[in-house]
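What follows is a single structure, written as structure tokens, with notes after it.
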Amino acid sequence: MTTDAPSKKPTATDGKKDRPSLAKGVRDYLLKLLESDEYGPGSPLPSERELIRLCGVSRPAVREAMQALEARGLVEIRHGGRAKVSEPTPDTVVGQLAETIRHLLVTSPASLDHLKDARLEFECGSAARAAKDADADDIVRLSAIIDQQASVHDDTAAFLAHDRAFHRALANIADNPIYGAVSEALFAWMQDFHADVVIQPGREALTIEEHRDILRAVEQGSSAKASRAMRDHLTRANPLYHRTNKR
Numbered sequence: 001m002t003t004d005a006p007s008k009k010p011t012a013t014d015g016k017k018d019r020p021s022l023a024k025g026v027r028d029y030l031l032k033l034l035e036s037d038e039y040g041p042g043s044p045l046p047s048e049r050e051l052i053r054l055c056g057v058s059r060p061a062v063r064e065a066m067q068a069l070e071a072r073g074l075v076e077i078r079h080g081g082r083a084k085v086s087e088p089t090p091d092t093v094v095g096q097l098a099e100t101i102r103h104l105l106v107t108s109p110a111s112l113d114h115l116k117d118a119r120l121e122f123e124c125g126s127a128a129r130a131a132k133d134a135d136a137d138d139i140v141r142l143s144a145i146i147d148q149q150a151s152v153h154d155d156t157a158a159f160l161a162h163d164r165a166f167h168r169a170l171a172n173i174a175d176n177p178i179y180g181a182v183s184e185a186l187f188a189w190m191q192d193f194h195a196d197v198v199i200q201p202g203r204e205a206l207t208i209e210e211h212r213d214i215l216r217a218v219e220q221g222s223s224a225k226a227s228r229a230m231r232d233h234l235t236r237a238n239p240l241y242h243r244t245n246k247r
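At position 162 of the sequence shown the residue is numbered 162 (this note's numbering), and the sequence of numbers has no breaks.
So, in structure tokens, the structure goes:
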């Protein structure tokens, strides 16, 4: 099978183009291949030698282009074999945004408040949706996570891992993989930039009780109660929190 080169392929023949621009040309060429019907997930891409011939560039330019696409999660590079088209998933797609989002949060302080607001609205909606869609297995799964979290209350890392798992499991009830991926990403960004919100030593018992409140509302099938319980949890509107905070 042969692959036609693009009408405006990168070329090194005039000796004036630098490698980054040549690599960009190869990358753009490969992106067009990925958009075609011929190259679905798992399909092998033209070999390095074929790309050198088709694009009229050097091996370093081809490798640089491939590495750029691999960094974006679009291709998988296999040593000793041809690169292949990656199988995209919501987790990998959201993951590709991670570094860009982190850069935004580092350079724009206002974005931290935007992140908190976005997570609050997402999680409240996620809880409301869970109350609407949850079945008996979902309730058992959430209850088990809470019990496991309670059993590791004195291990901060394990406690936080179960906290994260609870929120993701709640989001997964919607049977929409994008929900789970976004929940995971939001929690990770909050942990990195608002650790005080997700890590509160001494408040483990309160966190467990708030999770149980959310679970009860979900089990009752009340979207309004589930959303409100989640909002109380994330904003610490729980009266117990304010009482213990004054001690």
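The C-beta atom is built at its ideal place from N, Cα and C for all residues, glycine as well.
| Asked | Found |
| --- | --- |
| Excluding five sequence neighbours on each side, which residues of the same chain lie with their C-beta closer than 7 angstroms to the C-beta of M66? | V75, I77, A83 |
| Helix, strand or coil for E210? Go by DSSP, reduced to three states. | helix |
| Could you tell me which of A23, S36, S227, L215 sits nearest to V57, measuring between CA atoms? | A23 |
| Let me know the secondary structure DSSP gives R236 once reduced to three states. | coil |
| Measure the alpha-carbon distance for A53 versus E87 and round it to whole angstroms. | According to the sequence provided, residue 53 is Arg. The question's Ala does not apply to it. Going by the C-alpha atoms only, they are around 27 angstroms apart. |
| Tell me the rounded alpha-carbon separation between E123 and S223. | 12 angstroms |
| Sorted by chain position, which residues of the same chain lie with C-beta nearer than 8 angstroms to G73's C-beta, five sequence neighbours on each side aside? | S86, P88, T92, V93, G95, Q96 |
| Run through DSSP, which three-state label would E87 get? | coil |
| In terms of alpha-carbon separation, which member of L34, L186, A110 lies closest to L120? | L186 |
| Quick check: the Cα distance between M230 and E35, rounded to an integer number of angstroms? | 41 angstroms |
| Run through DSSP, which three-state label would V75 get? | strand |
| Three-state secondary structure (DSSP) at P109? | coil |
| If you draw a straight line from the C-alpha of L33 to the C-alpha of S21, how long is it? | 19 angstroms |
| Just tell me which of H167, A157, I139, P109 has its CA closest to the CA of G125. | H167 |
| Using CA atoms only, rank isn't needed, just tell me which of V62, V182, G81 is closest to A98. | V182 |
| Give the straight-line distance between the Cα atoms of H233 and E70, rounded to the nearest whole angstrom. | 39 angstroms |
| Residues in its own chain within less than 8 angstroms of D133 by CB, not counting five upstream and five downstream? | I173, A174, D175 |
| In chain order, what residues of the same chain lie with their CB nearer than 6 angstroms to the CB of G202, ignoring the 5 residues before and after it? | none |
| Suppose you measure from the CA of H250 to the CA of I145; what does that come to, to the nearest Å? | In the structure as shown, the chain starts at 1 and stops at 247, and residue 250 therefore has no counterpart that could be examined. |
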